[in-house]
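Residue numbers (our numbering): 20 to 193.
Cβ coordinates follow ideal geometry from the N, Cα and C atoms, glycine included.
Single-structure report; data block below.
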Ligand SMILES: Cc1cc2nc3c(=O)[nH]c(=O)nc-3n(C[C@H](O)[C@H](O)[C@H](O)COP(=O)(O)O)c2cc1C
């Protein structure tokens, strides 16, 4: 798919076929996704790929935003120490969230390129997830992305009238 189709077709997918996603493919997607812009060039991402069902089931217990059990889950962590070394205090207040979001979105678009569905999630207990994946104290799990072969056709996107959100030269043009 070209980039325009990927952006238009991507939807959050929360229902998956009972079919494994190969770890090779997950490594491919995550490695490509790290080709992302990064605030102050921090590049402090620490990703954990989880495919074992029992582990995913346990993470679901402390993740209210994950109302389903996906075949694979990627925890997007950021090393706050490395981030602070590169960008100072603002890194942990702001930059870690931007950097995690960009990589998550890359993962979602790349997943679709491989006909996989995905859902970015922020609603989970960060402390519990950090402990569960054995992150060291410096690493903060910011987002998670579920991945699997979709068992549902995503509903078609209704393209928003651009005049509601996009303005030319200044906001008064609305
Ligand atoms: C930062 C962020 C956090 C999100 N957290 C969750 C979540 O915890 N659980 C969930 O089911 N969806 C979550 N979503 C997915 C949104 O609900 C979804 O993107 C939105 O409803 C628009 O639908 P679409 O992705 O299909 O276009 C999150 C999305 C973003 C960008």
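Whose CB is closer than 5 angstroms to a heavy atom of ligand 1? List the residues in chain order. 30, 31, 84, 139, 140, 141, 142
Between the alpha carbons of residue 30 and residue 157, how many angstroms are there, rounded? 32 angstroms
With distances taken from CA atoms, which of 20, 84, 28 is nearest residue 175? Ranking 20, 84, 28 by CA distance to the CA of residue 175 puts 28 first.
Just to confirm my understanding: we take residue 137, look at its own chain, exclude 5 residues before and 5 after, and list those with CB closer than 7 angstroms. What are they? 32, 126, 127, 130, 164, 165, 166
For the beta strand (DSSP E) that residue 162 lies in, which residues bound it at each end? 158-167
Does the segment 32-48 come within contact of the segment 146-156, defined as at least 3 CB pairs closer than 8 angstroms? no
Under DSSP, the beta strand (DSSP E) around residue 65 begins and ends at which residues? 64-69
Less than 6 angstroms between C-beta atoms, sequence neighbours within five positions excluded: which residues of the same chain meet that for residue 171? Cβ within range, chain order: 34.
Does the distance from the CB of residue 96 to the CB of residue 146 come in under 7 angstroms? no
What residues are listed by DSSP as bridge partners for residue 139? 164.
Classify residue 133 as helix, strand or coil using the three-state DSSP reduction. In this structure, residue 133 counts as coil in the three-state DSSP scheme.
Counting only runs that start and end within the segment 38-116, where is the beta strand (DSSP E) found for 3 or more residues in a row? 64-69, 91-98
Between the segment 72-88 and the segment 98-115, are three or more C-beta pairs nearer than 8 angstroms? no
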